[in-house]
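Participant:
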Amino acid sequence: MTSLRLLTRFLVPLSVLATAACQSDDLLLPSDGGEAQVQVNRGDEQVGLPGAQLANPLIVRLVDRAGVGIPNRAVLWVVNAGGGSVNPATGMTDAEGFASAEWVLGPSAGPNTVEARVPDIGVVTFTAIGSPNGGGGGDGGGEPSDSRSTVTAEPATIEAGPAISTVLVMVLDATGAPVEGATVTLRATGEGNTLTQPTGATGADGIAVGTLQSSVPGQKVVSAMVNGSLGLTQTATVTVTAPPASRVELIEGDNQTAPVGAPVPVRPAVRVTNDRGAPVAGIQVTFVVTGGGGSVEGATQTTNADGIARAGGWTLGAAPGNNRLEARAGSLVGSPVVFSAEGTAAPPAEVDRLVYLVGPRDVERDQSFSVEVALVDAAGNVVPMSGVFIYLGLFPEGSDSPTNDHLGGERFENTDNGVAVFNLSVEKKGRYRLRALTDDLPELGPNGPEPFLFSNVFEVD
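Whatever position you read off the sequence shown (first residue = 1), add 4 for my numbering.
1) Buried or exposed for L445, please, with buried defined as at least 16 other CB atoms from any protein chain shown within 10 angstroms of its CB.
2) Can you give me the start and stop residues for the beta strand (DSSP E) that R69 sits inside?
3) For the structure I just gave you, are there three or more beta carbon pairs, one from the region 220-240 and one from the region 185-194, closer than 8 Å?
4) By how many angstroms is the C-alpha of P351 removed from the C-alpha of A303?
5) Among residues of its own chain, excluding the 5 on either side of T1, which ones have a beta-carbon nearer than 7 Å to its beta-carbon?
6) Please state whether the Cβ-Cβ distance between R437 and F458 is less than 8 Å.
7) Touch check for the region 330-347 and the region 363-372: three-plus C-beta pairs under 8 Å?
8) Once DSSP output is grouped into helix, strand and coil, what is the label at P267?
9) What does the alpha-carbon distance come out to for the pair V173 and L62?
10) Please report the straight-line C-alpha distance between D29 and R65, rounded to a whole angstrom.
11) Roughly how many angstroms lie between the CA atoms of V83 and V44, to the nearest whole one?
12) Quick one: what's got a C-beta closer than 7 Å to Q288's C-beta in the same chain, skipping five residues either side?
13) Could you tell me which of T245, E253, L216, A205 sits nearest to G232, measuring between CA atoms?
14) Return the chain-ordered ranges of every alpha helix (DSSP H) run that is complete within the region 153-188 and spans a minimum of 4 residues.
15) Given a cut-off of 8 Å, decide if T131 and D48 are closer than it, judged by their beta-carbon atoms.
16) How is N408 classed by DSSP in three states: helix, strand or coil?
17) Can at least three beta-carbon pairs, one atom from the region 164-183 and one from the region 215-223, be found at a separation below 8 Å?
18) Spell out a yes or no on whether the region 326-334 and the region 372-384 are touching, meaning 3 or more CB-CB pairs, one atom from each, closer than 8 Å.
19) Starting from the C-beta of V90, find all residues in its chain whose C-beta is less than 8 Å away, skip the five residues before and the five after it, and write them out in chain order.
20) Ordered along the chain, which non-local residues of its own chain (more than five positions away) have a Cβ less than 8 Å from that of V264?
21) I'd like to confirm the pairing. Which residues does DSSP put opposite S104 in its beta bridges?
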């Protein structure tokens with residue numbers, strides 16, 4: 005077995021695993037800046053058969069600031085990617101500060117990583133490649149094979165934004181031997197992707213490495229083209245997840261004014277975002293009336309693709325004054341979002357005209373009957389005014405002169421909640437109309453609404 009060549013093509017995208025915080029390629033300082041540090045001594049960057057033990061053990065050394073080994077400290081060996089196993093899972097540093105473990109790679113071709121963790125001190129990461137050729141290179145292999153070559157991505161799930169998945173393409177010939185000198189171009193489905201293409205051609209190990217980032221959540225299928233014309237059969241799927249929702253904020257619908265008992269003109273709305281301010285869809289928001297009475301329609305909403313949830317409607321309470329509505333989104337920062345609205349008293353209704361709620365009917369001579377005359381507004385609603393004086397006149401059909409001496413009962417009445425009720429009779433046979441007048445509403449005319457309000461024609465037998 006041989007060491008992995010062109011190390012930088014593989015390790016740079018994975019630098020976040022161990023070396024970004026260090027000044028060297030094999031050292032990770034303790035996060036607290038303490039005296040001790042853990043170092044990679046041997047066994048990094050190997051290539052081996054999938055499922056087989058690597059030729060060289062993994063060795064770390066724990067040293068103090070002066071470079072003297074620290075004995076009797078526990079080292080935890082943890083498989084971080086690729087599967088496989090490490091033996092022992094926990095070891096102790098010897099008198100010189102060294103600790104070692106044997107590493108069996110995972111069953112699939114591609115990258116493997118193991119972490120050596122020293123509690124309270126630091127972590128270092130070992131990398132290896134599982135290759136069907138076991139690390140051999142021969143004369144560089146034959147022609148690339150679309151079916152034998154492999155495409156893998158690690159990690160297979162990343163968060164939208166700056167997170168990176170490393171894409172490893174192993175170009176193999178029909179016998180499974182690595183192909184040296186092949187150029188690889190990566191492609192990915194979906195939107196919002198940033199692909200970093202492999203740098204240079206494959207080395208003796210047949211490996212080319214690139215990276216994928218994406219700002220748009222979804223399934224991204226990564227494919228590889230070799231030498232500009234050979235599309236590899238195998239692809240790698242990277243799942244890009246949306247960052248979790250963290251905040252809810254008011255969008256519109258606050259500080260409104262509407263008549264009591266009426267809906268506000270703008271439906272209240274909030275937006276849910278993540279830590280980077282991007283909208284988050286699918287978050288449930290509940291709108292609850294907390295002051296002033298009234299009601300809310302569509303109280304439970306789910307944020308859309310723009311992260312917005314909007315109440316179906318907000319109707320204010322019956323009393324003038326302040327109304328409050330809350331948009332609740334669980335434990336998100338900013339929840340609950342509070343909306344306020346001012347309910348104003350409805351202006352008094354104005355009388356527009358008189359109408360017969362109950363008109364006269366055909367009757368016998370001297371038979372009693374009732375008539376109801378109401379005050380209504382322009383929309384035809386009864387205006388509940390009391391004490392408005394209304395009087396009736398009796399007119400023979402076709403005549404403009406009243407014959408009130410033939411009209412029995414009380415033809416002068418005051419309204420009660422906008423309605424005047426008359427109990428009448430007619431002592432002479434004929435066909436007649438009634439006319440309703442009032443002198444109490446001069447804005448409607450000298451004697452009430454003009455033209456004068458006549459009833460339907462009725463017959464007295």
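From the three backbone atoms N, C-alpha and C, an ideal C-beta is built for every residue, glycine too. These numbers come from a predicted model, not from an experiment.
Facilitator: Put simply:
1) The residue is buried, with at least 16 neighbouring Cβ atoms inside 10 Å.
2) Looking at the DSSP string, R69 is not in any beta strand (DSSP E), and its letter there is neither H nor E.
3) As far as the Cβ criterion goes, the region 220-240 touches the region 185-194, which means the pair count is three or higher.
4) The alpha-carbon atoms of A303 and P351 are separated by roughly 30 Å.
5) Absent from the model: residue 1. The displayed extent of the chain is 5 to 465, so no value can be given.
6) F458 sits close to R437, with the two beta carbons spaced by under 8 Å.
7) Between the region 330-347 and the region 363-372 there are fewer than three inter-stretch CB-CB distances shorter than 8 Å, so the stretches are not counted as touching.
8) Look at P267 here: in three-state DSSP terms it is strand.
9) Cα to Cα, V173 sits roughly 25 Å from L62.
10) Interpretation of D29 is limited by its pLDDT of 38, a score under 50 that renders its predicted location unreliable; the figure taken from the coordinates is listed afterwards. So the alpha carbons of these two residues sit roughly 15 Å apart.
11) Distance between the alpha carbons of V83 and V44: 16 Å.
12) Only T304, T306 meet the Cβ criterion.
13) In terms of Cα proximity to G232, the closest of T245, E253, L216, A205 is A205.
14) Listed in chain order, there is nothing to give.
15) Result yes, Cβ atoms of D48 and T131 sit closer than 8 Å.
16) It is helical.
17) Short answer: they touch.
18) With a cut-off of 8 Å, the region 372-384 and the region 326-334 do not count as touching, because too few Cβ pairs lie within range.
19) Cβ neighbours of V90 beyond the five flanking positions: L62, W81, V82, V83, A105, E106, W107, V108, V118.
20) Beyond the five residues adjoining it in sequence on each side, V264 comes within less than 8 Å, by CB distance, of L320, G321, A322, A323, P324, G347, T348, A349, A350 in the same chain, given in chain order.
21) In the DSSP secondary-structure assignment, S104 is bridged to I63.
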